[in-house]
Each structure stands twice: as C-alpha cells, then as structure tokens.
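Trainee:
In the numbering used here, the protein residues as written are 138 to 253.
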C-alpha cells in the first residue's frame, strides 16, 4: 500500500500558535509558565525555529482552544499511526505510546473541564 504524503497547512504552525496565544491575551512568558518551558522556547516555536513534542503540542491545542483542524493530519495506513503535518511536532512516538499519551491527556482534560 502506498504511503500518504504529509499535508502542508496554509499557515505555519508558529503563526497559528502566536495568533492563538494573542487571542487568549497570553504573553509568551505566561504561556511558557503554563507549559513548564521557557519563554525563549515559545518564541522559537512561534518563529518556526523549533517544534514542540507531541504531548506539549496537544496541551497547546487545549490551552489555546485551537481546533485540531488547524493542524491537518493524515493516517499512515502502513504503520497504523498518525502523521502530523511537518513542523507540528518534534518526535513521532510509536502508536502505542501516542495512544497512551492521548488517553492520559484526555483524562486530564476531563478533570479540568469538571473543575470549571
């Protein structure tokens, strides 16, 4: 079976993150504190010089209320894993690792929503 090519979004992920952060009236420093990273890291993501790992990427989507459609993904039927667009994350975890991380994040999101 032929492997699907990665899609390329119209906006670079850094622009999407910057706009999302600004719409939430967050500074790079405040977002960095929420994610336990440095403000220089946020700056590098927004400038497309570095990329967040998948777990941090999912946290960003949640914190900034970004819809996953802003970051189109494809399914690699050969490896049964999700391929995010180039530049969406730094590390590709195995499908089992990714599923476990997503499940943990979904549980955390549910707890946060219950606390609201």
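Even for Gly, the Cβ is constructed at its ideal location relative to N, Cα and C.
With burial defined as no fewer than 16 other Cβ atoms inside 10 Å of the residue's Cβ, what is the status of residue 186: buried or exposed?
Mentor: Flag for residue 186 reads exposed.
Trainee: Start and end of the alpha helix (DSSP H) containing residue 156?
Mentor: Start and end: 150–160.
Trainee: From 248, 246, 178, pick the residue whose C-alpha is nearest to that of residue 190; which is it?
Mentor: The shortest C-alpha separation from residue 190 is found at 178.
Trainee: Would you mind reading off the limits of the alpha helix (DSSP H) that contains residue 181?
Mentor: Element bounds for residue 181: 176–183.
Trainee: For residue 244, collect the residues of the same chain with a Cβ closer than 7 Å to its Cβ; drop the 5 residues on either side in sequence, then sort them by chain order.
Mentor: Answer for residue 244: no residue qualifies.
Trainee: Have a look at 155, 248, 192 and flag the residue whose alpha-carbon is nearest the alpha-carbon of residue 237.
Mentor: The option with the nearest alpha carbon to residue 237 is 192.
Trainee: Taking the alpha-carbon of residue 184 as reference, which of 155, 170, 239, 249 has the nearest alpha-carbon?
Mentor: Ranking the options by Cα distance to residue 184, first place goes to 155.
Trainee: Taking buried to mean at least 16 other C-beta atoms within 10 Å of its own C-beta, is residue 250 buried or exposed?
Mentor: Exposed, since its Cβ has fewer than 16 Cβ neighbours within 10 Å.
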